[in-house]
Each structure stands twice: as C-alpha cells, then as structure tokens.
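Here our numbering is used: position 35 in the sequence shown is 37, and no number is missing along the way. Okay, so here's the structure we're looking at.
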Amino acid sequence: EMTDSGARATMIREGTETVDLPLNKPGNLLIDLVGELRGESTHIIASNESTYVTRICLLARDAADRNEILPIPAPQPI
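Structure representation (structure tokens):
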C-alpha cells in the first residue's frame, strides 16, 4: 500500500504484521527516458524489462481488485 502521496510504502500480508518498506529517492521516469533517448543516461526500467514490469503491475492491480494473493511469475530469459 502506498501512502503519504507515495512517500511511504507498507507491505500488508494476511496473518502477519504490516512492514514498512524502504524507499529509494524518487526519480522522474520522463527525465530518465529522455536522458536514455539522448544517450546521456540509462532509464530506470531497461527496455527488456518493460513487459515484465507491466505484467507485474497488472497482476498487482488484479490482486487488489479481487482481494486475493496472486502468484508472481519469474521473468522469462531473453
């Protein structure tokens, strides 16, 4: 669960206490993307990871909507 306008993340699991998760300093995905397109930096999500990250986000949304725990598949090798 993200709270405090995204400044705090808490993992909520059935049958256990909640856990505050450490968060890295927030970045700007658009600035990172433009930097990569210009060859100045590397984007936080590599192009070969984008499909997997999208899939995980959609599974997390579905799990929340269903109030269920859904398995997270391992990334497929390229």
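The beta carbon of each residue, even a glycine, is placed where N, CA and C say it ideally should be. Everything numeric in this text was worked out from a predicted model, so none of it was measured.
Simplified DSSP assignment, three categories, for residue i
i	result
Ala65	helix
Arg57	helix
Leu25	coil
Residue nearest to residue i in terms of C-alpha spacing, selected from the options
i	options	result
Gly59	Ala48, Ile74 and Glu16	Strictly speaking, residue 59 in this sequence is Cys, with Gly absent from that position. Minimum Cα distance to Cys59 is reached at Ile74.
Leu32	Ile47, Ala66 and Asp67	Ile47
Lys27	Ala11, Leu72, Leu61 and Ala65	Ala11
Proximity test, Cβ basis, 7 Å: residue i and chain D
i	result
Thr56	Going by chain labels, chain D is absent from the structure shown, which holds only one protein chain.
Cutoff 7 Å; reference residue i; Cβ partners in own chain excluding five residues on either side
i	result
Tyr54	Pro77
Integer-rounded CB distance, given that residue j should sit under 8 Å from residue i
i	j	result
Met130	Leu23	Absent from the model: residue 130. The displayed extent of the chain is 3 to 80, so no value can be given.
Residue i beta carbon near the ligand FAD (any heavy atom closer than 6 Å)
i	result
Ala9	Looking for the ligand FAD in the displayed structure turns up nothing, as the structure carries no ligands at all.
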